[in-house]
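Asks:
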Amino acid sequence: MSEENNPSPSDQPAPEGNEQIKDVGVEELAKAHEGGTSSVKESGAPDLGLLLDIPVTLSLELGSTRINLGDLLRLNKGAIVELEKEASEPLEVKVNGTLIAYADVVVVNDRYGIRMIDVISESERLRKLS
(Lines of atoms letter the chains of each structure in order from A and count residues from 1; the text may use other names and numbers.)
(Lines give C-alpha, C1' and ligand atoms only; values in the text may rest on other atoms or scores of the structure.)
Protein backbone atom coordinates (compact mmCIF):
# COMPACT_ATOMS: atom_id res chain seq x y z
CA MET A 1 0.00 0.00 0.00
CA SER A 2 1.13 3.51 -0.61
CA GLU A 3 1.36 6.23 1.98
CA GLU A 4 -1.37 8.14 0.13
CA ASN A 5 -3.96 5.50 1.13
CA ASN A 6 -2.88 5.42 4.80
CA PRO A 7 -2.62 8.93 6.20
CA SER A 8 -0.69 9.24 9.45
CA PRO A 9 -2.52 10.41 12.58
CA SER A 10 -0.95 13.85 12.18
CA ASP A 11 -2.62 14.12 8.73
CA GLN A 12 -6.04 13.53 10.26
CA PRO A 13 -8.16 16.61 10.92
CA ALA A 14 -8.50 17.68 14.56
CA PRO A 15 -11.79 16.79 16.25
CA GLU A 16 -14.41 19.51 15.99
CA GLY A 17 -17.18 20.60 18.35
CA ASN A 18 -18.74 17.67 20.15
CA GLU A 19 -16.23 15.19 18.63
CA GLN A 20 -13.61 16.19 21.21
CA ILE A 21 -12.31 13.59 23.61
CA LYS A 22 -13.56 14.08 27.14
CA ASP A 23 -12.55 12.63 30.48
CA VAL A 24 -15.01 10.07 31.75
CA GLY A 25 -15.35 9.23 35.42
CA VAL A 26 -15.71 5.74 36.88
CA GLU A 27 -19.39 6.32 37.61
CA GLU A 28 -20.06 7.28 33.98
CA LEU A 29 -18.26 4.16 32.76
CA ALA A 30 -20.26 1.96 35.12
CA LYS A 31 -23.49 3.62 34.00
CA ALA A 32 -22.67 3.06 30.34
CA HIS A 33 -21.72 -0.56 31.07
CA GLU A 34 -25.03 -1.18 32.82
CA GLY A 35 -27.04 0.22 29.93
CA GLY A 36 -28.01 3.46 31.62
CA THR A 37 -29.02 2.16 35.02
CA SER A 38 -27.73 3.77 38.16
CA SER A 39 -24.00 3.43 38.74
CA VAL A 40 -24.29 3.78 42.49
CA LYS A 41 -25.09 0.82 44.73
CA GLU A 42 -27.73 1.05 47.44
CA SER A 43 -24.91 1.63 49.94
CA GLY A 44 -24.01 4.84 48.10
CA ALA A 45 -20.67 3.47 46.84
CA PRO A 46 -20.01 3.50 43.07
CA ASP A 47 -20.47 0.15 41.33
CA LEU A 48 -17.00 -0.74 40.06
CA GLY A 49 -18.05 -4.01 38.41
CA LEU A 50 -16.75 -2.85 35.04
CA LEU A 51 -13.24 -2.61 36.45
CA LEU A 52 -13.20 -6.15 37.79
CA ASP A 53 -12.35 -7.62 34.35
CA ILE A 54 -9.23 -5.47 33.81
CA PRO A 55 -6.12 -7.69 33.83
CA VAL A 56 -3.24 -6.73 36.12
CA THR A 57 0.21 -8.20 36.71
CA LEU A 58 0.78 -9.75 40.12
CA SER A 59 4.46 -10.26 40.91
CA LEU A 60 6.46 -11.49 43.87
CA GLU A 61 9.72 -9.72 44.59
CA LEU A 62 12.31 -12.00 46.11
CA GLY A 63 14.85 -9.23 46.59
CA SER A 64 17.18 -6.92 44.73
CA THR A 65 20.74 -5.68 44.68
CA ARG A 66 22.78 -3.07 42.89
CA ILE A 67 25.51 -4.39 40.62
CA ASN A 68 27.80 -2.56 38.22
CA LEU A 69 27.58 -3.38 34.53
CA GLY A 70 31.03 -4.99 34.37
CA ASP A 71 30.12 -7.51 37.12
CA LEU A 72 26.78 -8.16 35.46
CA LEU A 73 28.45 -8.99 32.14
CA ARG A 74 30.81 -11.44 33.89
CA LEU A 75 27.93 -13.51 35.34
CA ASN A 76 27.66 -17.03 33.95
CA LYS A 77 25.90 -20.30 34.73
CA GLY A 78 26.26 -21.17 38.40
CA ALA A 79 27.09 -17.60 39.50
CA ILE A 80 25.55 -16.53 42.80
CA VAL A 81 24.32 -12.97 43.33
CA GLU A 82 23.59 -12.02 46.93
CA LEU A 83 20.38 -10.06 47.42
CA GLU A 84 19.77 -7.35 50.01
CA LYS A 85 16.77 -9.11 51.59
CA GLU A 86 17.25 -11.40 54.60
CA ALA A 87 16.15 -15.02 54.04
CA SER A 88 13.70 -14.76 56.97
CA GLU A 89 11.95 -11.62 55.62
CA PRO A 90 8.58 -11.97 53.88
CA LEU A 91 8.49 -11.37 50.13
CA GLU A 92 6.79 -8.34 48.57
CA VAL A 93 3.64 -8.88 46.51
CA LYS A 94 3.14 -6.18 43.90
CA VAL A 95 0.34 -5.40 41.46
CA ASN A 96 1.54 -3.46 38.44
CA GLY A 97 4.62 -2.50 40.47
CA THR A 98 2.71 -1.26 43.53
CA LEU A 99 3.29 -3.01 46.85
CA ILE A 100 0.00 -4.50 48.10
CA ALA A 101 1.06 -7.24 50.53
CA TYR A 102 3.77 -9.41 52.05
CA ALA A 103 3.76 -13.17 51.56
CA ASP A 104 5.56 -16.46 52.05
CA VAL A 105 6.22 -18.92 49.24
CA VAL A 106 4.37 -22.25 49.42
CA VAL A 107 4.20 -25.30 47.17
CA VAL A 108 0.76 -26.43 46.01
CA ASN A 109 0.51 -29.54 43.79
CA ASP A 110 4.13 -29.17 42.61
CA ARG A 111 3.61 -25.49 41.76
CA TYR A 112 4.74 -22.41 43.60
CA GLY A 113 2.11 -20.34 45.33
CA ILE A 114 2.03 -17.57 47.91
CA ARG A 115 0.42 -17.26 51.34
CA MET A 116 -0.52 -13.68 52.16
CA ILE A 117 0.74 -12.79 55.62
CA ASP A 118 0.11 -9.03 55.65
CA VAL A 119 -2.05 -7.03 53.23
CA ILE A 120 -1.32 -3.31 52.95
CA SER A 121 -4.41 -1.25 53.80
CA GLU A 122 -5.92 1.02 51.15
CA SER A 123 -5.14 4.11 53.24
CA GLU A 124 -1.49 3.04 53.61
CA ARG A 125 -1.16 2.47 49.83
CA LEU A 126 -2.67 5.89 49.13
CA ARG A 127 -0.36 7.52 51.68
CA LYS A 128 2.70 6.01 49.95
CA LEU A 129 1.55 7.39 46.59
CA SER A 130 1.54 10.98 47.80
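Residue numbers for the sequence shown follow the numbering used here, so the first one is 211 and each next one is one higher. A virtual CB, placed ideally from N, CA and C, is assigned to each residue, including glycine. Keep in mind it's a predicted model, so treat the numbers as computed, not measured.
(1) Inspect the beta-carbon positions of residue 313 and residue 301 and report whether they are closer than 7 Å.
(2) Considering only C-alpha positions, which residue in the set 273, 286 and 278 is nearest to residue 298?
(3) Residue 338 to residue 293, Cα distance in whole Å?
(4) On a CA-only basis, which of 326, 305 and 317 is nearest residue 267? Give me that one, please.
(5) Quick one: measure Cβ to Cβ for residue 324 and residue 309, integer angstroms, because I've assumed they're closer than 8 Å.
(6) Comparing alpha-carbon positions, which option in 270, 259, 257 and 263 lies nearest residue 307?
(7) Taking the runs of the beta strand (DSSP E) that are 3 residues or longer, which of them lie wholly in the segment 248-313?
(8) Using the Cα positions of residue 259 and residue 340, report the straight-line distance between them to the nearest angstrom.
Replies: This is what the structure gives:
(1) yes
(2) 273
(3) 24 Å
(4) The option with the nearest alpha carbon to residue 267 is 305.
(5) Not quite, the Cβ-Cβ distance comes to about 14 Å (not below 8 Å), so this is no contact.
(6) 270
(7) 268-271 and 301-305
(8) About 26 Å.
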